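Enquirer: There's a structure below that I have some questions on.
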Amino acid sequence: MSQQTVLITGASSGIGLELSKKFAAKGYAVVLLARSGARLEQIAEEIRMTFKVQAYAIEADLRLANATTLIAEELERRKLVIDILVNNAGFGLLGAYAVLDAQQQLDMIQVNIMALAGLTRLLLPGMIQRNTGGVLNVASTAAFQAGPNMAVYYATKAFVLSFTEALHEEVAQTKLHVSCLCPGPTETGFVAAANMENVNLFKLGAQSAEEVAEYGYNAFQRNQAIAVSGLKNKFLALSAKLSPKFMTRKIAMVLNR
Ligand SMILES: NC(=O)c1ccc[n+]([C@@H]2O[C@H](COP(=O)([O-])OP(=O)(O)OC[C@H]3O[C@@H](n4cnc5c(N)ncnc54)[C@H](OP(=O)(O)O)[C@@H]3O)[C@@H](O)[C@H]2O)c1
4 MSQQTVLITG
14 ASSGIGLELS
24 KKFAAKGYAV
34 VLLARSGARL
44 EQIAEEIRMT
54 FKVQAYAIEA
64 DLRLANATTL
74 IAEELERRKL
84 VIDILVNNAG
94 FGLLGAYAVL
104 DAQQQLDMIQ
114 VNIMALAGLT
124 RLLLPGMIQR
134 NTGGVLNVAS
144 TAAFQAGPNM
154 AVYYATKAFV
164 LSFTEALHEE
174 VAQTKLHVSC
184 LCPGPTETGF
194 VAAANMENVN
204 LFKLGAQSAE
214 EVAEYGYNAF
224 QRNQAIAVSG
234 LKNKFLALSA
244 KLSPKFMTRK
254 IAMVLNR
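Add 3 to a position in the sequence shown, counting from 1, and you land on the number used in my numbering.
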């Protein structure tokens, strides 16, 4: 699938940045998207120099209700055709639903769900028509159970997992790949942004963003529908599936303290 163009959201740091480098290293042209325009330009330049591929930066805020329309206009203006979409941008917030800022939680739904679904609807028909490419969505092990003290975040990731699994089947008769990457705790800016530095979940150990990206890239290439990164996280996801819900939500409450 080389020589194709990949749009990666949340490419300015963490898992998105590492996925961008991974695709570029394999010869894909990359379109990097995030709010930090200057940082993206710098990363694009580094990618061009290091991997000798085309790299573009698009500054966009996925909290905006019209983000998909603005991105569509920008892609059109630059005559960019996207073969692979990596919906990676996302954020979480630690705290009780009734206490956390109301607007920030709605913004989370906008970024983690609405933008992801909007961009997928924008780009998937073209992929199906060309019968090549696909979508790699980044959910989380949070997708496998309810998450008290991070209620909205866990629910957004449950949406991403369910949505991606469904799309995987819808395009099963095509050459498209559709995968859902589910990382567990990962050392990125996510932790500080979510105010999670001291929670029990992260005390159990975290993977590096590079490890997660490597695993996610390979899972997408083999068209794996659900890809849980790391052995410990695979075990936790499986036990969440097998345990009664009253138990998994109580365990999540303890881990999110
Ligand atoms: N780290 C973990 O423990 C972990 C675990 C499971 C799943 N995940 C998921 O992995 C994905 C990547 O997160 P990460 O861990 O790599 O965290 P990160 O380092 O904080 O990266 C988040 C990325 O999303 C972008 N972003 C955030 N809000 C945005 C907005 N409104 N518009 C456009 N871009 C926005 C950020 O760029 P700007 O700030 O420049 O906009 C940044 O590039 C997320 O979906 C997260 O939920 C993370």
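Every residue gets a Cβ at the ideal spot worked out from N, C-alpha and C, and that includes glycine. Values in this document were obtained by computation on a predicted structure and should not be read as measured data.
Output the distance between the C-alpha atoms of Gly98 and Thr8, rounded to the nearest integer angstrom.
Expert: In the sequence shown, counting from the first residue as 1, residue 98 sits at position 95. In the sequence shown, counting from the first residue as 1, residue 8 sits at position 5. Near 38 Å, if we compare the C-alpha coordinates of Thr8 and Gly98.
Enquirer: Answer yes if the region 201 to 214 comes into contact with the region 156 to 166, meaning at least three C-beta pairs across the two stretches below 8 Å, and no otherwise.
Expert: Result no; under three Cβ-Cβ pairs closer than 8 Å.
Enquirer: List in chain order: all unbroken beta strand (DSSP E) runs of 3+ residues lying wholly within the region 163 to 218.
Expert: 180 to 185, all fully within the region 163 to 218.
Enquirer: Taking only the alpha-carbon atoms, compute the straight-line gap between Arg66 and Ile116 and give it to the nearest angstrom.
Expert: Taking the sequence shown and counting its residues from 1, one reaches residue 66 at position 63. Taking the sequence shown and counting its residues from 1, one reaches residue 116 at position 113. Straight-line Cα distance between these residues: approximately 10 Å.
Enquirer: Out of Pro151, Ala255, Tyr59 and Ala228, point me to the one whose CA is closest to Val138's CA.
Expert: By one-based count along the sequence shown, residue 138 stands at place 135. Residue Ala228 is the option with its Cα nearest to Val138.
Enquirer: Do you know offhand how far Lys55's Cα is from Lys244's?
Expert: In the sequence shown, the residue the question calls residue 55 occupies position 52. In the sequence shown, the residue the question calls residue 244 occupies position 241. Straight-line Cα distance between these residues: approximately 44 Å.
Enquirer: Taking only beta-carbon atoms, is Asp104 less than 7 Å away from chain D?
Expert: The chain labelled as chain D is not found in the depicted structure, where only one protein chain is given.
Enquirer: Assuming Ile131 and Val174 are in contact, meaning their beta carbons sit under 8 Å apart, how far apart are those beta carbons, in whole angstroms?
Expert: In the sequence shown, counting from the first residue as 1, residue 131 sits at position 128. In the sequence shown, counting from the first residue as 1, residue 174 sits at position 171. The pair is a contact, with the Cβ atoms about 7 Å apart (cut-off 8 Å).
Enquirer: Enumerate in chain order the residues of its own chain whose CB-to-CB distance from Asn134 is below 6 Å, with the five nearest sequence positions on each side excluded.
Expert: On the sequence shown, residue 134 is found 131 positions in, with the first residue counted as 1. The answer, listed in chain order, is Thr177 and Lys178.
Enquirer: If you measure between the beta carbons of Thr144 and Cys183, is that distance less than 7 Å?
Expert: For the purposes of this step, residue 144 is taken as the residue at position 141 of the sequence shown. For the purposes of this step, residue 183 is taken as the residue at position 180 of the sequence shown. Cβ atoms of Thr144 and Cys183: not closer than 7 Å.
Enquirer: In the structure shown, what three-state DSSP assignment does Tyr156 receive?
Expert: Position 153 of the sequence shown holds residue 156. The answer is helix: DSSP assigns Tyr156 an H, G or I state.
Enquirer: Which residue marks the beginning of the alpha helix (DSSP H) containing Ile131, and which one marks its end?
Expert: Reading the sequence shown from its first residue, position 128 is the one you call residue 131. Run containing Ile131: Leu119 to Arg133, per the alpha helix (DSSP H) assignment.
Enquirer: Taking 6 Å as the cut-off, is the beta-carbon of Gly93 closer than that to any non-hydrogen atom of ligand 1?
Expert: Counted from its first residue, the sequence shown places residue 93 at position 90. At least one heavy atom of ligand 1 is nearer than 6 Å to the Cβ of Gly93, so yes.
Enquirer: Using a 10 Å radius around the Cβ and a threshold of 16 neighbouring Cβ atoms, would you call Gly129 buried or exposed?
Expert: As a first step, residue 129 must be located in the sequence shown, where it is residue number 126. By the 10 Å Cβ count, Gly129 comes out exposed.
Enquirer: Going by CA-CA distance only, name the one from Gly208, Lys235, Met153 and Leu126 that's closest to Asn198.
Expert: Residue mapping note: residue 198 aligns to position 195 of the sequence shown, counting from 1. The candidate whose alpha carbon is nearest that of Asn198 is Met153.
Enquirer: Please tell me whether Ala216 and Glu49 are closer than 7 Å, where the distance is taken between their beta carbons.
Expert: Residue 216 sits at position 213 when you count from the first residue of the sequence shown. Residue 49 sits at position 46 when you count from the first residue of the sequence shown. It is not a contact, given that the beta carbons lie outside the stated cut-off.
Enquirer: Considering Leu139, what are the terminal residues of the beta strand (DSSP E) in which it resides?
Expert: Translated into positions along the sequence shown, residue 139 becomes position 136. Here the beta strand (DSSP E) through Leu139 covers Gly137 to Val141.
Enquirer: If Ala142 sits next to Thr71, beta carbons under 8 Å apart, how far is it from one beta carbon to the other, in whole angstroms?
Expert: The residue labelled residue 142 in the question sits at position 139 within the sequence shown. The residue labelled residue 71 in the question sits at position 68 within the sequence shown. Actually they are not in contact, since the Cβ atoms of Ala142 and Thr71 sit about 19 Å apart, beyond 8 Å.
Enquirer: Report the rounded CA-to-CA distance for Ile254 versus Ile87, giving the unit in angstroms.
Expert: For the purposes of this step, residue 254 is taken as residue 251 along the sequence shown, with counting starting at 1. For the purposes of this step, residue 87 is taken as residue 84 along the sequence shown, with counting starting at 1. The alpha-carbon atoms of Ile254 and Ile87 are separated by roughly 36 Å.
Enquirer: How is Ala1 classed by DSSP in three states: helix, strand or coil?
Expert: Outside the shown range of the chain, which is 4 to 260, sits residue 1, and nothing can be said about it.
Enquirer: For Ala14 and Leu36, which I take to be in contact (beta-carbon distance under 8 Å), what is that distance rounded to the nearest angstrom?
Expert: Counting from 1 along the sequence shown, the entry for residue 14 is found at position 11. Counting from 1 along the sequence shown, the entry for residue 36 is found at position 33. Yes, they are in contact, since the Cβ atoms of Ala14 and Leu36 sit about 6 Å apart, within 8 Å.
Enquirer: Find out if the Cβ-Cβ distance for the pair Lys337, Tyr220 is shorter than 7 Å.
Expert: The first residue shown for the chain is 4 and the last is 260, placing residue 337 beyond what the model contains.
Enquirer: To the nearest whole angstrom, what separates the beta carbons of Met111 and Thr189, a pair I think is in contact under 8 Å?
Expert: Within the sequence shown, residue 111 is the residue found at index 108, counting from 1. Within the sequence shown, residue 189 is the residue found at index 186, counting from 1. Rounded, the Cβ-Cβ distance is 18 Å, inconsistent with contact.
Enquirer: Going straight from the alpha carbon of Ala146 to that of Phe162, what length do you get?
Expert: For the purposes of this step, residue 146 is taken as the residue at position 143 of the sequence shown. For the purposes of this step, residue 162 is taken as the residue at position 159 of the sequence shown. Roughly 8 Å separates the two Cα atoms.
Enquirer: At the level of alpha carbons, what is the spacing between Leu241 and Leu258?
Expert: Working through the sequence shown from its first residue, we reach residue 241 at position 238. Working through the sequence shown from its first residue, we reach residue 258 at position 255. Taking the straight line from one Cα to the other gives about 17 Å.
Enquirer: Can you find a heavy atom of ligand 3 that lies under 6 Å from the Cβ of Ala37?
Expert: Absence of ligand 3 from the depicted structure is noted, with ligand 1 being the only ligands included.
Enquirer: Is Arg42 near Asp64, with beta carbons less than 7 Å apart?
Expert: Translated into the one-based positions of the sequence shown, residue 42 becomes position 39. Translated into the one-based positions of the sequence shown, residue 64 becomes position 61. Cβ atoms of Arg42 and Asp64: not closer than 7 Å.
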